[in-house]
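Here's the structure we're looking at; comments come further down.
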Ligand SMILES: Cc1cc2nc3c(=O)[nH]c(=O)nc-3n(C[C@H](O)[C@H](O)[C@H](O)COP(=O)(O)OP(=O)(O)OC[C@H]3O[C@@H](n4cnc5c(N)ncnc54)[C@H](O)[C@@H]3O)c2cc1C
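Numbering (the working numbering), first residue to last: 242 to 593.
Now the structure itself:
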């Protein structure tokens, strides 16, 4: 039985490594544009030089799984067509191409490997007292601004967003902002309208010049599903049934950021359980057992604030905020364990 996995992120890797354990007859091919698994949740560290976020696919995939470097241009009719023209036939496919970025012109995106590498090189060339602006007041922007400020205290780092850290409870938000200030990050609660020649203009009319402007907002998904004629939502995510199969083709499972699961946001914390559930569903199908619906459940969200501080915000299963949050060393350990757990789960096919 041929299984093709498109995308070797958290969801694709976990799915491939789990299927190989559960479905012994599966011949699995994983297709990814790069020969590495990229820990996207560590891309801000890649930029700051505090962690290497890429690991060779060969050391992440279990024996017997084939890794194929390439980009899938179209998927459907039991076939995945690659950018070099080759077509791989499949009995089942896992669409796991993740999410992407839509950077404002004049900025460098944090959320892709290529953007992170460009940012890392530029950052390394900046002399002391240079100005760095991070656009995006959500988790990615907060983690990026804090990581850079801690790693390069000689730089002037600023974070800009309509309301920085507004997706946290009152207490957690206050702590996040206090920690950013402790690291000398200037917080600007405003929207950016354009960036031209390194000058960012804000809705309020203010403007400031930077030597490096980073776009720390993850938005949209690759257009592979839409291009392939699968039904997608307004963000381009493929619509799925309650077992995470495309509503157009039961042979295609869709998992991770590119799946239109009601209530889901872009999160590694969701990609892993979805991949695990879809892999288990395939095993059930093969064994002729009854299928079980996937149910989405949140635990919380956490941000690092450099290497020595973090805030972990607990949520209800539907992602609404609880008042409880953790800070300090406990939060740092919790977040690091979750991050390591994401990679471990991808490599071993466990979790979820
Ligand atoms: C700096 C940063 C910090 C983050 N922190 C957190 C966090 O703390 N907690 C959390 O839950 N989430 C976090 N996220 C979000 C998290 O990284 C994503 O939700 C997660 O990576 C989604 O996993 P995925 O497997 O769906 O997609 P990805 O990890 O994006 O993997 C998708 C893979 O598919 C490949 N691909 C794309 N198109 C094609 C194609 N046409 N053919 C073949 N392959 C293709 C890509 O190259 C990539 O390798 C963070 C993101 C960033 C950028």
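Each residue gets a CB set at the ideal place from its N, CA and C atoms; glycine is no exception.
Between which residues of its own chain and residue i is the CB-CB distance below 7 Å, once the five residues before and five after are set aside?
i: residue 325; result: 311
Which class does residue i belong to by DSSP, given the choice of helix, strand or coil?
i: residue 442; result: strand
i: residue 258; result: helix
i: residue 263; result: helix
i: residue 379; result: coil
i: residue 333; result: strand
i: residue 542; result: strand
i: residue 324; result: coil
i: residue 510; result: helix
i: residue 435; result: strand
i: residue 531; result: coil
Out of curiosity, what's the CA-to-CA distance linking residue i and residue j?
i: residue 357; j: residue 284; result: 6 Å
i: residue 582; j: residue 428; result: 31 Å
i: residue 588; j: residue 295; result: 13 Å
i: residue 522; j: residue 416; result: 41 Å
i: residue 465; j: residue 314; result: 7 Å
i: residue 414; j: residue 433; result: 21 Å
i: residue 490; j: residue 524; result: 18 Å
i: residue 322; j: residue 302; result: 22 Å
i: residue 368; j: residue 438; result: 18 Å
i: residue 260; j: residue 267; result: 7 Å
i: residue 558; j: residue 592; result: 17 Å
May I ask you to list the residues that DSSP assigns as paired with residue i?
i: residue 314; result: Residue 314 pairs with nothing; no bridge assigned.
i: residue 576; result: BP columns for residue 576 are empty, so no partner.
i: residue 349; result: 455
i: residue 273; result: 310
i: residue 566; result: 554
i: residue 480; result: 501
Within a Cβ cutoff of 6 Å, which residues of the same chain sit near residue i, ignoring the five residues on either side of it in sequence?
i: residue 282; result: 509 and 580
i: residue 354; result: 279
i: residue 532; result: 484, 522 and 525
Taking C-beta to C-beta, are residue i and residue j nearer than 8 Å?
i: residue 513; j: residue 590; result: no
i: residue 556; j: residue 576; result: no
i: residue 500; j: residue 479; result: yes
i: residue 247; j: residue 272; result: yes
i: residue 597; j: residue 424; result: The question about residue 597 has no answer, for the chain in this structure spans 242 to 593.
i: residue 339; j: residue 474; result: no
i: residue 375; j: residue 455; result: yes
i: residue 443; j: residue 363; result: no
What residues in its chain sit with their C-beta under 8 Å from that of residue i, if we drop five residues either side in the sequence?
i: residue 378; result: 400, 401, 402, 403, 404, 405, 406, 407 and 430
i: residue 552; result: 409, 413, 416, 417, 420, 543, 544, 546, 566, 567, 568 and 572
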